[in-house]
Amino acid sequence: MANSTLIETAYDYISTQIQTGEFMPGSLLSENELSEILNMSRTPIRAAISRLEHDGLLVTLKNRGVLVKEISMKEVIDTMEVMYLFQMQAIDLLKEGVVIPDLKQLKEHLDRQLEAEQNNAYTRYLESSVKFSECLLKIMNNGVITKIIDIGYRKLVLYGIINFKLTPHEPHYSANRLNQSIYDAVAAGDYDRFRDIAVQSYVRNRQHMLRIARL
Numbered sequence: 001m002a003n004s005t006l007i008e009t010a011y012d013y014i015s016t017q018i019q020t021g022e023f024m025p026g027s028l029l030s031e032n033e034l035s036e037i038l039n040m041s042r043t044p045i046r047a048a049i050s051r052l053e054h055d056g057l058l059v060t061l062k063n064r065g066v067l068v069k070e071i072s073m074k075e076v077i078d079t080m081e082v083m084y085l086f087q088m089q090a091i092d093l094l095k096e097g098v099v100i101p102d103l104k105q106l107k108e109h110l111d112r113q114l115e116a117e118q119n120n121a122y123t124r125y126l127e128s129s130v131k132f133s134e135c136l137l138k139i140m141n142n143g144v145i146t147k148i149i150d151i152g153y154r155k156l157v158l159y160g161i162i163n164f165k166l167t168p169h170e171p172h173y174s175a176n177r178l179n180q181s182i183y184d185a186v187a188a189g190d191y192d193r194f195r196d197i198a199v200q201s202y203v204r205n206r207q208h209m210l211r212i213a214r215l
């Protein structure tokens, strides 16, 4: 049995390379090459690949290697819809006073993503933007929902990084203005305003994705 520490090391390395766009969708990975890079046998590499297949990031092709999976536009749109539905539920709980927002943590995540734009650190911007959104969704304190949120946002971050690498000259960092307006609404306790912002953002982003899918 492979050492669990080695498996974790291999998993973290491959996952990070995918999430940062170093291993782009459509590229083939080799167990032998990964084994040489990480200076370990192929056994923990295979175990890590199996986990990443379960995560939906890799697929093993017989006699060809390991493929980094493409993220379909439908998968992105479907994930956005799930996150939107959870967001509506969180807003209802906030409005009813069932849960209380962590304004301090929200502000910290917002400040980090604003700073990331100033430094043109797109990956850090995406990560901070996601943490901002997660902070608002995880107030539901539902373990099953939290797992779905984690997987969903990982896909959206990956899509965002790939899109940034493929379209570096197009405008990005749009979530900064969005999250600033959400923070202002939540800080003021104006959850109807939060709902309006969330609905408008979802409709706008969905329409944008559908336009891209038709190109």
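Take the UniProt record's numbering: the final residue in the sequence shown is number 215, and no numbers are missing along the way.
Here a beta-carbon is modelled for each residue, glycine too, at the ideal position from N, C-alpha and C.
Item, Value
"Counted within 10 angstroms of its Cβ, other Cβ atoms place Val-76 as buried (16 or more) or exposed", "buried"
"Residue span of the beta strand (DSSP E) that contains Gly-26, given as start and end", "Segment: none, Gly-26 is in no beta strand (DSSP E) and carries neither H nor E."
"Residues near Pro-25 in its chain [Cβ-Cβ closer than 7 Å; skip 5 each side]", "Val-68, Lys-69, Glu-70, Ile-71 and Ile-162"
"Coil, strand or helix - Leu-58 by DSSP", "strand"
"Sufficient close CB pairs (3 or more, under 8 Å) joining the region 115 to 130 to the region 76 to 94", "no"
"Simplified DSSP state of Val-99, which is helix, strand or coil", "coil"
"Bounding residues of the beta strand (DSSP E) (the contiguous stretch that carries Gly-189)", "Counting along the chain, Gly-189 falls outside any beta strand (DSSP E), and DSSP gives it neither H nor E."
"Test item: CB-CB of Arg-51 and Glu-31 under 8 Å", "no"
"Where Ala-188 falls, given that 16 or more other Cβ within 10 Å makes a residue buried", "exposed"
"One or two residues paired with Leu-67 in a DSSP bridge", "Leu-28 and Val-59"
"Status (buried if at least 16 other CB within 10 Å, exposed otherwise) for His-109", "buried"
"With 16 other Cβ atoms within 10 Å as the buried cut-off, status of Arg-204", "exposed"
"Burial state of Glu-127 (16 or more Cβ within 10 Å)", "buried"
"Close Cβ partners of Tyr-183 (< 6 Å) along its chain, the five nearest in sequence each way excluded", "Leu-106 and Leu-110"
"Same chain only: Cβ atoms within 8 Å of Val-79, ignoring 5 sequence neighbours per side", "In the sequence as presented, Val is not what sits at residue 79; that position holds Thr. Excluding positions up to five away in sequence, the list reads Gly-152, Lys-155 and Leu-156."
"Buried versus exposed, by CB contacts within 10 Å (16 or more), Asn-39", "exposed"
"Euclidean distance between Cα positions of Met-1 and Leu-158", "In this prediction, Met-1 scores a pLDDT of 46, lower than 50, which makes its location untrustworthy; the coordinate-derived value is nonetheless stated afterwards. C-alpha separation (whole angstroms): 31 Å."
"Simplified DSSP assignment, three categories, for Met-1", "Its pLDDT being 46, under 50, Met-1 is placed unreliably in this model, and the coordinates cannot settle the point."
"Segments assigned alpha helix (DSSP H), at least 4 residues, entirely inside the region 147 to 171", "none"
"Nonlocal neighbours in the same chain, by C-beta distance under 7 Å from Asn-176, ignoring five residues either side", "Gln-113, Leu-114 and Glu-117"
"Bounding residues of the alpha helix (DSSP H) (the contiguous stretch that carries Tyr-122)", "122 to 137"
"Sequence-distant residues of the same chain with beta carbon closer than 6 Å to Glu-8, five excluded per side", "none"
"Contact under 8 Å by Cβ, Ser-41 with Ser-35", "yes"
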